[in-house]
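Count the sequence shown with the numbering used here and you get residues 11 to 273, in order.
For glycine and all other residues, C-beta sits at the position ideal for the given N, C-alpha and C.
Comments concern the structure below.
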Amino acid sequence: MEKDMIGSEELQEFTVKYYEDRLIKGIENFHPGGIDYTEKLAMEAGVREGTRILDVASGSGETALYLAMRFKAEVVGFDLSEKMVAHATERAKDLGLRHLATFKKGDVHKMPFAKGSFDAAISECSLCLFRDKVQVIQNIAHGVKSGKKVAVSDVITKGEIPKELHTPLLYACCLAGAQPLKETMDIFIKAGLKNVVGYELTADIKDPWKEELPVLYHEVMNAFKDAIRLGVYEPKDESELDRMAERLLSEKFGYAIVSGIVL
Ligand SMILES: C[S@@+](CC[C@H](N)C(=O)[O-])C[C@H]1O[C@@H](n2cnc3c(N)ncnc32)[C@H](O)[C@@H]1O
């Protein structure tokens, strides 16, 4: 993938379509760690009963609906995909949660919310997909009350990622656009947030990728196979590729929470 493709409209459209296709296949959970990591993120953001919370890049609505159910929080989900927004709205109706969970279509680079309209904002596994990350964190912070938190969880890198993995597909599935934890924290600092903290969630978990998010493992396997087809790698058998994919995911990628307080 060319460097200038990152941040292009084309790649953004490809990414949204990638998640819509997964939704059609019945996959609703688009982040590692499932509800456990959502719970940790909610704690970090200070969500409690009645909190009015913004869920940025809300996808299928799973997180927003969970927070509405678990905390009786009032959640507004925001996502670029019309299909995701329609799906999440239907799910809210089915679950009798329309009074607590609403969903709005839009782009994080142009957010419509009035200053200080939320008690907290979260975003799960999505910052790595946005082209101007500092601007996006500023946009999110604008919607949050002074003294309250913006908290994101996201894929992080823990070393150099091979060039052949910088494909549109691996960008869409949150691997090729991931950054080291420190860089994600720096985005919050540059966006003007205070008391920025960051910590890794994957540190104590053995190989969560293959078990919890097999789709990432399969996309990496496919990228390796493409690299062999293109002659970048020597041919390898399936078990060697399997070991390479597992090693790459568990050694070079992690999942972390970063938060900061709005001034
Ligand atoms: C990895 S999924 C995460 C969804 C959800 N947060 C979760 O954890 O299940 C990424 C989501 O980001 C949305 N997205 C991508 N680019 C966006 C943008 N510029 N503005 C708003 N949403 C965007 C996609 O439509 C998709 O639903």
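Ligand 1 has no heavy atom closer than 7 angstroms to the beta-carbon of Gly44. Assigned with DSSP and collapsed to three states, Tyr265 falls in strand. Residue range Gly44 to Ala55 is occupied by the alpha helix (DSSP H) that includes Gly44, with no beta strand (DSSP E) assigned at that position. The alpha carbon of Met195 has as its nearest neighbour, out of Gly56, Lys143 and Thr99, the alpha carbon of Lys143. Note on Ala96: under 16 other CB atoms within 10 angstroms of its CB, so exposed under the neighbour-count rule.
Looking only at Asp46, Phe198, Met231 and Asp117, the smallest Cα-Cα distance to Val268 is reached by Phe198. Per DSSP, the continuous beta strand (DSSP E) segment holding Ile166 begins and ends at Val154 to Thr167.
Leu180 has its CB no nearer than 7 angstroms to any heavy atom of ligand 1. The way I'd put it, the segment 148 to 159 doesn't touch the segment 240 to 254; fewer than three beta-carbon pairs between them come closer than 8 angstroms. Excluding residues up to 5 positions away in sequence, Lys168 and Gly169 lie with their Cβ nearer than 8 angstroms to the Cβ of Glu261 in the same chain. Here the distance from the Cβ of Glu134 to the nearest heavy atom of ligand 1 is below 7 angstroms. In this structure, Thr61 is the residue among His119, Leu180, Thr61 and Lys158 with its C-alpha nearest to the C-alpha of Ala111. Counting C-beta pairs with one atom in each stretch, the segment 114 to 134 and the segment 234 to 242 have fewer than three that are closer than 8 angstroms, which means they do not touch. Of all C-beta pairs linking the segment 123 to 134 to the segment 54 to 72, three or more are shorter than 8 angstroms, placing the two stretches in contact.
Using a Cβ distance threshold of 8 angstroms, Ile166 and Glu221 do not count as a contacting pair. For the options Ala201, Gly87, Ile37 and Val162, the alpha carbon positioned closest to that of Gln145 is the one of Ala201. Across the structure, Arg108 and Ala102 are spaced so that their CA atoms are roughly 5 angstroms apart. Judged by the Cβ position, Ser70 qualifies as a neighbour of ligand 1 at the 7 angstroms threshold, a heavy atom of the ligand being closer than this.
If you draw a straight line from the Cα of Gly126 to the Cα of Met254, it is about 46 angstroms long. The beta carbon of Gly187 sits closer than 8 angstroms to those of Ile16, Cys138, Leu139 and Tyr181, all from its chain and outside the five residues before and after it, given in chain order. Excluding five sequence positions before and after Val162, the CB atoms of its chain that fall closer than 6 angstroms to its own CB belong to Ser133, Leu137 and Val268, given in chain order.
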